[in-house]
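S.K.: To start, I am sharing the structure in question, which I have written as structure tokens.
Residue numbers (my numbering): 331 to 621.
Put into structure tokens, the structure is as follows:
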């Protein structure tokens, strides 16, 4: 009989209630700020981290999960009698975490042989965009689905999920060096707010809107152009330190203008907010499957 262990990294931003309810293991990404190291998910909340970014001159550094951390996880699962491990991890193009998990798998197999199957899946995306698929995998496991069936659902979902991300302020992008000071100055002077497409392992600026009020409309326009059968799915509304009225407006328009069945809100955690800045707003949804 299969005994399946589900794990992910802290960038998945899965709410603690779901982690506890479904027995999901969250391996933490480490952040370093002013000489202090702390573990995402375990040592600081998303909301606390947003405040830290806005009050600090130093941009924290993030470190990938190490092979040793994954190896310890595999050993614990094996000792509990698990026959399978399914790991769904942060975009491999943006982090070495997935590679570390694969290296640890090789180390485990050298030590224990083939007594436990370990499947590592690169989500090719970030935050709860893949976190909610990890939760789905745990639900399927608890209802008795096979390992092959669960892994198939995860891969299918990851091929179809995408997101649009809007940023209200360019100040953090300037501080972190992701855009030049000149570009930030011009952008802020013109009131430009970039929108990026999070898709297929890439985050690509695809549009710019002018003014804060236009950002929600820009997101709605982008999502409506790519979503498939919104009436059958739940939109993920992902947010940082953004005024509540903006979040409320976006949720209302996702329901009334695009016709999503429902909307699930989720705060964006430290490892992603470190790159976008705290004033970020995104919508994740299912579109056409990628080849």
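Cβ atoms here follow ideal geometry from the backbone N, Cα and C, with glycine treated the same way.
In this text, all values refer to a predicted model and were calculated from it rather than measured experimentally.
Taking the alpha-carbon positions, what's the residue 361 to residue 391 distance?
M.R.: In a straight line, the C-alpha of residue 361 is about 6 Å away from that of residue 391.
S.K.: Where DSSP assigns a beta bridge to residue 492, which residues make up the other side?
M.R.: Looking at the DSSP assignment, residue 492 forms a beta bridge with 615.
S.K.: When you compare the CB positions of residue 598 and residue 343, do they come within less than 9 Å of one another, or not?
M.R.: Contact: yes.
S.K.: In angstroms, rounded to a whole number, what distance separates the CA positions of residue 498 and residue 467?
M.R.: One C-alpha to the other measures close to 33 Å.
S.K.: In three-state terms, what does DSSP make of residue 449?
M.R.: In this structure, residue 449 counts as strand in the three-state DSSP scheme.
S.K.: Considering only C-alpha positions, which residue in the set 590, 365 and 371 is nearest to residue 350?
M.R.: The residue with the shortest Cα to Cα distance from residue 350 is 371.
S.K.: Can you tell me where the beta strand (DSSP E) with residue 547 in it begins and where it stops?
M.R.: No beta strand (DSSP E) contains residue 547, which is instead part of the alpha helix (DSSP H) from 542-554.
S.K.: Considering only C-alpha positions, which residue in the set 473, 454, 494 and 369 is nearest to residue 486?
M.R.: Closest by alpha carbon: 454.
S.K.: Can you grab the Cα-Cα spacing for the pair residue 589 / residue 436, in whole Å?
M.R.: Rounded to whole angstroms, residue 589 to residue 436 spans 46 Å at the Cα level.
S.K.: Using DSSP bridges, identify the partner residues of residue 594.
M.R.: DSSP output for residue 594 lists 566 as bridge partner(s).
S.K.: Take the Cβ of residue 445 as the centre, count every other Cβ of all protein chains shown within 10 Å, and call the residue buried at 16 or more, exposed below.
M.R.: Burial call: exposed.
S.K.: Taking 9 Å as the cut-off, decide whether the C-beta atoms of residue 457 and residue 612 are in contact.
M.R.: Taking 9 Å as the Cβ cut-off, residue 457 and residue 612 qualify as a contacting pair.
S.K.: Note the first and the last residue of the continuous beta strand (DSSP E) segment covering residue 334.
M.R.: From DSSP, the beta strand (DSSP E) with residue 334 extends over 334-339.
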